[in-house]
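Peer 1: Before we start, here is the structure in question, set down as structure tokens.
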Amino acid sequence: THRPGANNNPKGPTISEVASVTDTQDASENGTKTAEPTFSVLVPTGKKLDELGGIERKSPAGDTVYTYADMVDGVRVEITQQELPESFKSDRGGKVKDLAKSFYAESVIQVDEIPVYHGYSDKTRYQTLIFTKKDKLIFILSPTKISDDKWVGYLVGLD
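Numbers given in our numbering equal positions in the sequence shown, counted from 1, plus 5.
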């Protein structure tokens, strides 16, 4: 089965698999998400979650994962966050790099001294960004390639 944003590689994990997602708790009748985050979710400066259409909580076996949508350079992207897993705390840089490699996100943009791994899959037709910020593990999926300078402008304001 094709899963948008997943690497669809039997040897590599999907974002949902990394987060151990088993189901989704969503939404009201009008399609906005209604979850109340259990940790401080990073959002773009000057925006609020309700302005972004709300947030979706996914119920993994371990850590809680939240996803919301936003626009970057006219493209709707999905931002997924979870608290930094315990297994990442002893070697954050190495673990993030290994995880990014499993998603073929091996190019790096430096944003405020944070390495942001990104890559575009011709197979899935998604650009994936993986990084940590403020003790959160963050994945961003874009259905089209967005330039590094546009990403830097967006990520600097993610707070």
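C-beta atoms are modelled at their ideal positions from N, C-alpha and C, and glycine is treated no differently.
Which residues in the same chain as Gln132 place their Cβ atom closer than 6 Å to its Cβ, once the five residues preceding and following it in sequence are excluded?
Peer 2: The sequence position of residue 132 within the sequence shown is 127, counting from 1. So the qualifying residues of the chain are Tyr125, Ser147, Lys150.
Peer 1: What is the DSSP secondary structure of Asp140, reduced to helix, strand or coil?
Peer 2: Taking the first residue of the sequence shown as 1, we reach residue 140 at position 135. The answer is coil: DSSP assigns Asp140 none of H, G, I, E or B.
Peer 1: CA-CA distance, Ile119 and Leu134?
Peer 2: Along the sequence shown, one-based indexing puts residue 119 at 114. Along the sequence shown, one-based indexing puts residue 134 at 129. Spanning the two alpha carbons is a distance of roughly 12 Å.
Peer 1: Pairs of beta-carbons, one from the segment 72 to 82 and one from the segment 44 to 63, closer than 8 Å: are there three or more?
Peer 2: Counting Cβ pairs under 8 Å, three or more are found: they touch.
Peer 1: Is it the case that the CB of Ile119 approaches a heavy atom of the ligand NAD more closely than 8 Å?
Peer 2: Ligands displayed in this structure: none; no statement on the ligand NAD is therefore possible.
Peer 1: On a Cα-Cα basis, can you pick out the residue from Val82, Gly51, Glu88 that is closest to Trp156?
Peer 2: The residue you call residue 156 lines up with position 151 of the sequence shown. For the residues Val82, Gly51, Glu88, the minimum Cα distance to Trp156 belongs to Val82.
Peer 1: If we ignore side chains and look at the alpha-carbon of each, how far apart do Leu54 and Pro42 end up?
Peer 2: On the sequence shown, position 49 is the one that residue 54 refers to. On the sequence shown, position 37 is the one that residue 42 refers to. The straight-line gap from Cα to Cα measures roughly 10 Å.
Peer 1: Name the one or two DSSP bridge partners that Pro49 has.
Peer 2: In the sequence shown, residue 49 corresponds to position 44, counting from 1. For Pro49, which the question treats as bridged, DSSP gives the partners Leu163.
Peer 1: Comparing alpha-carbon positions, which option in Ala110, Ser95, Phe144, Ser112 lies nearest Gln87?
Peer 2: Taking the first residue of the sequence shown as 1, we reach residue 87 at position 82. Considering only alpha carbons, the answer is Phe144.
Peer 1: Whole angstroms is fine: what's the gap from Ala110's alpha carbon to Lys102's?
Peer 2: As a first step, residue 110 must be located in the sequence shown, where it is residue number 105. As a first step, residue 102 must be located in the sequence shown, where it is residue number 97. Ala110 and Lys102: Cα-Cα distance of roughly 9 Å.
Peer 1: If you draw a straight line from the alpha carbon of Phe44 to that of Lys63, how long is it in whole angstroms?
Peer 2: Here residue 44 refers to the residue found at position 39 of the sequence shown. Here residue 63 refers to the residue found at position 58 of the sequence shown. So the two alpha carbons sit approximately 13 Å from each other.
Peer 1: Where do the ends of the alpha helix (DSSP H) carrying Arg81 lie?
Peer 2: In the sequence shown, the residue the question calls residue 81 occupies position 76. It is not in any alpha helix (DSSP H) - Arg81 instead sits in the beta strand (DSSP E) that spans 80 to 88.
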